[in-house]
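Residue numbers (my numbering), protein chains in the order written: chain A, 1 to 137; chain B, 138 to 274.
Ideal Cβ positions, reconstructed from N, Cα and C, are used throughout, including at glycine.
None of the values given here were measured: they were computed from a predicted structure.
There are 2 protein chains.
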Amino acid sequence: MHSIGDLSRRTGVKVPTIRYYEQMGLLEAPERSEGNQRRFGKPELERLAFIRHARDLGLTIDSIRQLIDLSGHPDRPCGDTDRIAKEQLGAVRERIVRLRRLEKELERIATCCTGETVGDCYVIRALSDHALCDGDH
Amino acid sequence: MHSIGDLSRRTGVKVPTIRYYEQMGLLEAPERSEGNQRRFGKPELERLAFIRHARDLGLTIDSIRQLIDLSGHPDRPCGDTDRIAKEQLGAVRERIVRLRRLEKELERIATCCTGETVGDCYVIRALSDHALCDGDH
DNA sequence: TCTTGAACCTCTAGCCACTAGAGCAACTAG
DNA sequence: CTAGTTGCTCTAGTGGCTAGAGGTTCAAGA
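As structure tokens, then:
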């Protein structure tokens, strides 16, 4: 049996965040000690690790809730889990594409500043005048 | 003189967002019509385009406020604007690196699912068991 | 000139995924 | 037994908007 702090240390999830996940229905309400403190077993530890991992991968609370629901029905076809993972992959790829465009833009802006004072600073000019941009964003 | 809706159409910034920027001090309180409606001139239009552009590049409201303050003092050295742009570039690059790791991870998870049912679904297993991951994240 | 409907106003509350803090109770090491 | 850490609940704040209520003003057509 782990206290909430123990669970926090083992999973790297902060204590208030664990309580938040419980509130959001990702973790079931755990047993309590006589003094009303949460006591977690191994299944809760594993589920929290699952949640942590999924959050690190960028899944929303809602997606995670869906996955948890699905994992409670091991006999169902797993097309839905696949779909959730693929959607997430698509979203991540799109974010990468957009960030790479930003990177190029910022590179140009940040390295081309040869002015001495704000008055002739390329950063300010580039931000003011979209026409100085290469790509579209 | 532009109405707020006009400004919105010209810059692609939504009407409530323009009011929000005013509230946040990025836009100065504009003139008003007799009936208390906002009336913007060309300088406001340009500043809003500046803000829009900077937001698109991922700068925070706070960074933008700093840049606006700086642009009001054209005689100062522009090291600060440079620093803000470079910091932003660094942040973007870091996000890209992290997202690429996620992409690889999700690729593996989403494409390796050969199971038929949730019970033997790789997605669920991979999320449960961090040890199945290649990299560290 | 009048009317109608779109656009505007302010104000408050909600979104996501936490995070911080107040004020109090329970546990644990010495 | 006591001191200090950890736990509890509850409320409110974060960033960058977005939505809605309830009311006012503007502009185009009749």
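Asked	Found
Rounded distance between the beta-carbons of B/L163 and B/I141, thought under 8 Å	In fact, because the Cβ distance is near 15 Å, the residues do not count as touching under 8 Å.
Host alpha helix (DSSP H) of A/S33 (start-end)	Taken as a continuous stretch (DSSP letters only), A/S33 belongs to no alpha helix (DSSP H), as it is neither H nor E.
Chain B residues whose Cβ lies nearer than 7 Å to that of A/I96	I233, L236, R237, E240
Residues bridged to A/F40 (per DSSP)	A/H2
Whether A/E44 touches B/L226 by CB criterion (8 Å)	no
Below-8 Å beta-carbon distance, A/A110 vs any chain B residue	yes
Alpha carbon of A/T17 to alpha carbon of B/H210, nearest angstrom	44 Å
Per DSSP, the bridge partner or partners of B/T254	A/P77
Exposure label - A/S138; buried when at least 16 CB within 10 Å	Since the first residue shown for chain A is 1 and the last is 137, residue 138 of chain A is missing from the structure and cannot be characterised.
Through-space distance from A/A110 to B/L185, alpha-carbon basis	21 Å
Burial state of B/A166, where buried means 16 or more other Cβ atoms lie within 10 Å	exposed
Candidates B/D217, B/I261, B/I233: closest to A/Y122 by CA position	B/D217
is_contact[B/F177, chain A] using C-beta, thresh 8 Å	no
Contact list for the segment 56 to 71 of chain A against chain B, Cβ threshold 9 Å	D56, L57, G58, L59, I64, L67, L70, S71
Straight-line Cα distance separating A/M24 from A/D69	14 Å
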